[in-house]
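Presented below is the structure to which this report refers.
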Amino acid sequence: ADTAITVCLSPEYEFMKAAAEKALEAAINLARPGVKVSQLGAAIQQTIEAMGFKPIRNLTGHSIGRFLIHTGKSIPNVASLDGSKLKPGELYAIEPFVTLPEAEGRVFSGPCGNIYRVVKPKPPKQEPARSVMMQILERFKSLPFTPRWLEGGKEALEGFRQLVEKRQISCYPMLVEASGKPVAQAEHTILVLEDRVEVTTL
Numbered sequence: 318a319d320t321a322i323t324v325c326l327s328p329e330y331e332f333m334k335a336a337a338e339k340a341l342e343a344a345i346n347l348a349r350p351g352v353k354v355s356q357l358g359a360a361i362q363q364t365i366e367a368m369g370f371k372p373i374r375n376l377t378g379h380s381i382g383r384f385l386i387h388t389g390k391s392i393p394n395v396a397s398l399d400g401s402k403l404k405p406g407e408l409y410a411i412e413p414f415v416t417l418p419e420a421e422g423r424v425f426s427g428p429c430g431n432i433y434r435v436v437k438p439k440p441p442k443q444e445p446a447r448s449v450m451m452q453i454l455e456r457f458k459s460l461p462f463t464p465r466w467l468e469g470g471k472e473a474l475e476g477f478r479q480l481v482e483k484r485q486i487s488c489y490p491m492l493v494e495a496s497g498k499p500v501a502q503a504e505h506t507i508l509v510l511e512d513r514v515e516v517t518t519l
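Below, the structure written as structure tokens:
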């Protein structure tokens, strides 16, 4: 499952946070087998704009697989021509992103964040990189992780550094709104059943 909330450090953005949550609620209420992902995107966009904000158009929700956070299908945050439909047995993260009306409404990749993924899973011969890679593969499989979760103290961090240097693991960049405006997000994962959807992250 995949989920996210926004914590406002300034009360002036609480209404923007609420717009993300309302857009998420609107999409979940509409979701069921046979509904087009474009309909979900339209509901998200309409809700956000009705509250006076702008959706981030180049970020989407996504299908989820076993130990795979992104598996190919997207849930847009704006109206689109995507004719893909929700099907029973599928798992989706729906995640509206909201910004101010004067913002550009798109993001770009900024500097490295603190979340990583394995790109070359073969454990190297060199220690402590080898032990750290084995730990990552055993504990996190192909899922994202952060170095603070590693066990082994300074030695584990040295092994982690070696893996980054060898480009066996890479970071997810921070996403920055193109005009520098703040962004709010709300996210839940839904499981599509035969006659309804179930939220798995409540």
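All residue numbers in the sequence shown are consecutive under this note's numbering, ending with 519. Ideal placement from N, C-alpha and C gives every residue a C-beta, glycine not left out.
- Lys353 has Lys402 as its beta-bridge partners, per DSSP.
- Distance check between Val415 and each of Phe477, Lys390, Val514, Ala495 places Ala495 closest, using alpha-carbon atoms only.
- Around the beta-carbon of Asn394, 16 or more other beta-carbon atoms lie within 10 Å, marking it buried.
- In this structure, Met491 lies away from Pro413, with their beta-carbon atoms at least 7 Å apart.
- Between Thr506 and Ala410, the CB-CB gap stays under 7 Å.
- The alpha helix (DSSP H) runs of length 4 or more contained entirely in the segment 446 to 510 are, from start to end of the chain, 446 to 457, 470 to 482.
- Under the DSSP assignment, Phe332 falls in the alpha helix (DSSP H) whose first and last residues are 331 to 347.
- In this structure, the CA atom of Gly369 is about 44 Å from the CA atom of Leu454.
- The segment 373 to 389 and the segment 441 to 452 do not touch, with fewer than three beta-carbon pairs separated by less than 8 Å.
- Secondary structure at Gly358: helix, using DSSP grouped into helix, strand and coil.
- At least 7 Å separates the beta-carbon of Ile365 from that of Ala344.
- Between the segment 330 to 340 and the segment 402 to 409 there are fewer than three inter-stretch CB-CB distances shorter than 8 Å, so the stretches are not counted as touching.
- A distance below 7 Å between beta-carbons, with the five flanking residues on each side excluded, links Leu347 to the following residues of its chain, in chain order: Gln356, Leu357, Ala360.
- The bridge partners DSSP lists for Pro418 come to none.
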